[in-house]
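Chemist: Below is one structure. I have some questions about it.
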Amino acid sequence: MAGMESLINDLKKYNPDLKEAEIEGLLYILATEKNITNNELITKTGIPKSVLKSFKTSISQYLQEVDSDEVSLKVDKKKTFLDQNPKPYKWSIYEDNFSDNEKKIIRTIEDIRSKYIEAKRDYDQFFADSKSTLNKAKIISDKGMIKNKKIALIGDDDFISLAIGLLNDSYEVIDVFEIDDDLITFLEEEVKEKSLKRINYYRYDARKNFPTNFINKYDVIATDPPYTRYGIELFIHRAVELLVKNNNYSGLYIFLNFTSGLKNPEKEIKIQDIINQYNLLVEDKIGKFTRYSGAETIGNASSMYVLKVTPKTDLLDLPNITQIYTFENNPEEHFPYVDHYVFKIKGVKEDIINSKSALQRNIGEFCNLHRLKVVDSKITKFKNQGLSFTFILSNSNLVVHTWPELKSMHIDLITCVPIFNKNKMSVNLSRLFRTNKVEVRNIE
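Residue 362 in my numbering sits at position 361 of the sequence shown, with consecutive numbering throughout.
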């Protein structure tokens, strides 16, 4: 057998979605674990089922049985791998480092879970393992968001309310908003049995408005919403509604669990865009933080987004969202292709910013450089000598506004076809307006 590095390089050709370090980490697990099933390997690594299947195919010559549910190396291959000292991979940066008391809590949660084992797919329920449940409580504690805090959970099929109550009961209150009546009844009984205090459960459907007495009440929100775009958008909106108004940076938090799977990063980018629209700061993002069972398509794992509230965090207008669960098979609507860029240009030279002809000439050259065909235009002059240029393009429009007194310009460009040489737009604007102060934002 070739050396470990050579083997990893060969396997990389057949596993383009895995890093070399992840491939080596998988080989380490197979070489050191006595027996491991497909599902256990997915849960341990957070690698989606489809990616693991491809990996198994690529190492089929080393496996005892390729199609078996158990992933086992041939005895001689296992020894050979071990002799080459493959390195383990850190599948999550959040370590399972538990105190004796925390281990006791994990066992308690496991006992509770054994009494409530049926996940309801109509509510997109996938149960986290007991370690993940405790870790969800711990990270809230690690951020200093339990003592004397008002905590709200939007959904609690992972028993986070119980974990917080068992870990640290110094909170002011925990209010849980849950749609599942059976789960509410079960959790209320467990709270009573465990003598946990100040934990309340309310039947709530996130598609409905909160009663006003809950609005702007809480210091911290935790939620693991349905893994659809509209589910995420709705639950973030509800979380922001519940938070008290904040005028400083000391920290109110939303703890959001979400993943789109290894091979669907575009969906996660959309979610990050939603987070940005609410002016929430991503203070931490911990990949593969929560481990589940029954969610093999996303690697039985989700990321933890620790979202810090800022003074600029505010609500957006929310459309009437009715379909939020994956079973509703609500495909995302495809919008026509759009390139949308916004530029803020500062420090424009006076001989340009004060000259209508120079501005018009340079904007025209910018259009020529990027093959933006102008079919009509209009210039509007304002009292402060500022100018607005509106260009109707063959495939949409370009609007430019100037502030001569600030030597500044704002450009809004929308096209319905890909922009030619778009990666050169900032450079060309910098050259045309003789300034290096060009900010660009790609809207979509």
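We put the beta carbon where it would ideally sit given N, CA and C, even for glycine.
All values derive from a computational prediction rather than experimental measurement.
(1) On the three-state DSSP scale, how would you describe Met426?
(2) Which of the three DSSP states, helix, strand or coil, is assigned to Phe256?
(3) Contact defined as beta carbons within less than 8 Å: I believe Ser162 pairs with Lys148. What is the distance between those atoms, to the nearest angstrom?
(4) Specify, as a first and last residue, the run of the alpha helix (DSSP H) that Met5 falls within.
(5) Hey, how far is the Cα of Gln324 from the Cα of Val439?
(6) Specify whether the region 338-350 and the region 137-147 touch according to this definition: at least 3 beta carbon pairs, one from each stretch, less than 8 Å apart.
(7) Would you mind sorting Ala223 into buried or exposed? The rule is 16 or more other CB atoms within 10 Å of its CB.
(8) Just reading off the alpha helix (DSSP H) that Tyr29 is part of, what are its end residues?
(9) Quick check: Val418 and Ile393, are their CB atoms within less than 8 Å of each other?
(10) Starting from the C-beta of Asn39, find all residues in its chain whose C-beta is less than 7 Å away, skip the five residues before and the five after it, and write them out in chain order.
(11) Taking the alpha carbon of Asn258 as the point to measure from, which residue in Thr81, Lys79, Tyr293 has its own alpha carbon closest?
(12) Under the assumption that Leu319 contacts Ile255 (Cβ atoms under 8 Å), give the Cβ distance between them as a whole number of angstroms.
(13) Counting only runs of 4+ residues fully inside the region 198-246, write out the alpha helix (DSSP H) ranges in chain order.
(14) Which same chain residues, not among the five before or five after Pro87, have their C-beta less than 7 Å away from its C-beta?
(15) Under DSSP, the alpha helix (DSSP H) around Gly365 begins and ends at which residues?
(16) Three-state secondary structure (DSSP) at Ala164?
(17) Report all residues from its chain with a CB closer than 6 Å to the CB of His402; omit the five preceding and five following residues, and keep chain order.
(18) Here's a check: name, in chain order, each residue in its chain whose Cβ is nearer than 7 Å to the Cβ of Ile43, leaving out the five neighbours to either side.
(19) Can a CB atom of chain B be found closer than 8 Å to the CB of Lys379?
(20) Applying the 10 Å Cβ sphere with the 16-neighbour rule, what's the burial state of Ser100?
(21) Along the chain, where does the beta strand (DSSP E) containing Leu399 start, and where does it finish?
(22) Go through the region 60-135 residue by residue and report every complete run of the beta strand (DSSP E) that reaches 3 residues or more, in order.
(23) Tell me whether Asn443 sits in a helix, a strand or coil according to DSSP, three-state version.
(24) May I ask you to report which of helix, strand or coil DSSP gives Glu269?
(25) For Asn136 and Val177, what's the separation of their Cα atoms in angstroms?
(26) Check whether the region 231-241 touches the region 200-219, counting contact only when three or more Cβ pairs, one atom from each stretch, lie closer than 8 Å.
(27) With DSSP run on the structure shown, which of helix, strand or coil describes Phe290?
(28) Let me check understanding here. Comparing Cα to Cα, which of Glu41, Ile60, Glu34 lies closest to Asp11?
(29) Thr186 to Lys75, Cα distance in whole Å?
(30) Compare the C-alpha of Glu269 against each of Gly387, Arg230, Val339, Lys379 and name the closest.
(31) So Tyr202 and Glu194 are in contact, right, with Cβ under 8 Å, and what is the actual spacing, rounded?
(32) Which partner residues does Val177 have in the DSSP bridge list?
(33) Roughly how many angstroms separate the alpha carbons of Ala129 and Val343, rounded to a whole number?
(34) Less than 7 Å between the CB of Tyr203 and some heavy atom of the ligand HEM, yes or no?
(35) Can you find the residues in the same chain that come closer than 8 Å, C-beta to C-beta, to Lys13, ignoring five residues on each side of it along the sequence?
(36) Do Gly156 and Asp220 have their beta-carbon atoms positioned less than 8 Å apart in this structure?
Modeler: Concretely, from the data shown:
(1) Taking the first residue of the sequence shown as position 1, residue 426 is located at position 425. Met426 falls in the helix class under three-state DSSP.
(2) Within the sequence shown, residue 256 is the residue found at index 255, counting from 1. In this structure, Phe256 counts as strand in the three-state DSSP scheme.
(3) Position 161 of the sequence shown holds residue 162. Position 147 of the sequence shown holds residue 148. At roughly 16 Å, the Cβ-Cβ gap does not stay under 8 Å, so Ser162 and Lys148 are not in contact.
(4) On the sequence shown, position 4 is the one that residue 5 refers to. 5-15 is the span of the alpha helix (DSSP H), which, as asked, contains Met5.
(5) Position 323 of the sequence shown, counting from 1, holds the residue named residue 324. Position 438 of the sequence shown, counting from 1, holds the residue named residue 439. For Gln324 and Val439, the distance between alpha carbons rounds to 41 Å.
(6) no
(7) Against the sequence shown, residue 223 aligns to sequence position 222. It counts as buried.
(8) Translated into the one-based positions of the sequence shown, residue 29 becomes position 28. Counting along the chain, the alpha helix (DSSP H) containing Tyr29 begins and ends at 21-33.
(9) Start at 1 with the first residue of the sequence shown, and residue 418 comes out as number 417. Start at 1 with the first residue of the sequence shown, and residue 393 comes out as number 392. Against a cut-off of 8 Å, the Cβ pair of Ile393 and Val418 comes out as no contact.
(10) Residue numbering aside, residue 39 sits at position 38 when the sequence shown is read from its first letter. Excluding residues within five positions, the ones whose Cβ falls inside 7 Å are Leu53, Asp70, Val72.
(11) Here residue 258 refers to the residue found at position 257 when the sequence shown is read from its first residue. The residue with the shortest Cα to Cα distance from Asn258 is Tyr293.
(12) Walking along the sequence shown from the start, residue 319 turns up at place 318. Walking along the sequence shown from the start, residue 255 turns up at place 254. Actually they do not touch by this definition, with Cβ atoms about 16 Å apart.
(13) 230-243
(14) On the sequence shown, position 86 is the one that residue 87 refers to. Excluding residues within five positions, the ones whose Cβ falls inside 7 Å are Met5, Glu25, Leu28, Tyr29, Ala32.
(15) Translated into the one-based positions of the sequence shown, residue 365 becomes position 364. Run containing Gly365: 357-370, per the alpha helix (DSSP H) assignment.
(16) Counting from 1 along the sequence shown, the entry for residue 164 is found at position 163. Residue state, collapsed to three classes: helix.
(17) As a working note, residue 402 is residue 401 in the sequence shown. If we look at His402 and ignore the five residues flanking it on each side, its Cβ neighbours are Ser389, His411.
(18) The residue you call residue 43 lines up with position 42 of the sequence shown. Excluding positions up to five away in sequence, the list reads Lys50, Leu53, Glu297, Gly300, Asn301.
(19) Judged by its chain identifiers, the structure shown contains no chain B, having just a single protein chain.
(20) Counting from 1 along the sequence shown, the entry for residue 100 is found at position 99. Answer is exposed; the Cβ neighbour count stays below 16.
(21) As a first step, residue 399 is located in the sequence shown; it is residue number 398 there, counting from the start. 397-404 is the extent of the beta strand (DSSP E) around Leu399.
(22) none
(23) Locating residue 443 in the sequence shown gives position 442, where the first residue counts as 1. The answer is strand: DSSP assigns Asn443 an E or B state.
(24) For this step, residue 269 is matched to residue 268 along the sequence shown. Reduced to three states, the DSSP call for Glu269 is helix.
(25) Walking along the sequence shown from the start, residue 136 turns up at place 135. Walking along the sequence shown from the start, residue 177 turns up at place 176. About 18 Å.
(26) yes
(27) For the purposes of this step, residue 290 is identified with residue 289 of the sequence shown, where counting begins at 1. Looking at Phe290 - three-state DSSP - the assignment turns out to be strand.
(28) As a working mapping, residue 11 is identified with position 10 in the sequence shown. The shortest Cα separation from Asp11 among Glu41, Ile60, Glu34 belongs to Ile60.
(29) The sequence position of residue 186 within the sequence shown is 185, counting from 1. The sequence position of residue 75 within the sequence shown is 74, counting from 1. So the two alpha carbons sit approximately 50 Å from each other.
(30) To locate residue 269, count along the sequence shown from 1; it is residue 268. Nearest option by C-alpha distance: Arg230.
(31) Position 201 of the sequence shown, counting from 1, holds the residue named residue 202. Position 193 of the sequence shown, counting from 1, holds the residue named residue 194. About 14 Å; that fails the 8 Å criterion.
(32) Mapped onto the sequence shown, residue 177 falls at position 176. DSSP output for Val177 lists Leu154, Tyr202 as bridge partner(s).
(33) Translated into the one-based positions of the sequence shown, residue 129 becomes position 128. Translated into the one-based positions of the sequence shown, residue 343 becomes position 342. The straight-line gap from Cα to Cα measures roughly 42 Å.
(34) Annotation note on the ligand HEM: not contained in the displayed structure, which lists no ligands.
(35) Locating residue 13 in the sequence shown gives position 12, counting from the first residue. Counting only Cβ-Cβ distances below 8 Å, and skipping sequence neighbours, we find Leu19, Glu21, Ile24.
(36) Taking the sequence shown and counting its residues from 1, the one referred to as residue 220 is at position 219. Taking the sequence shown and counting its residues from 1, the one referred to as residue 156 is at position 155. Contact flag unset, no.
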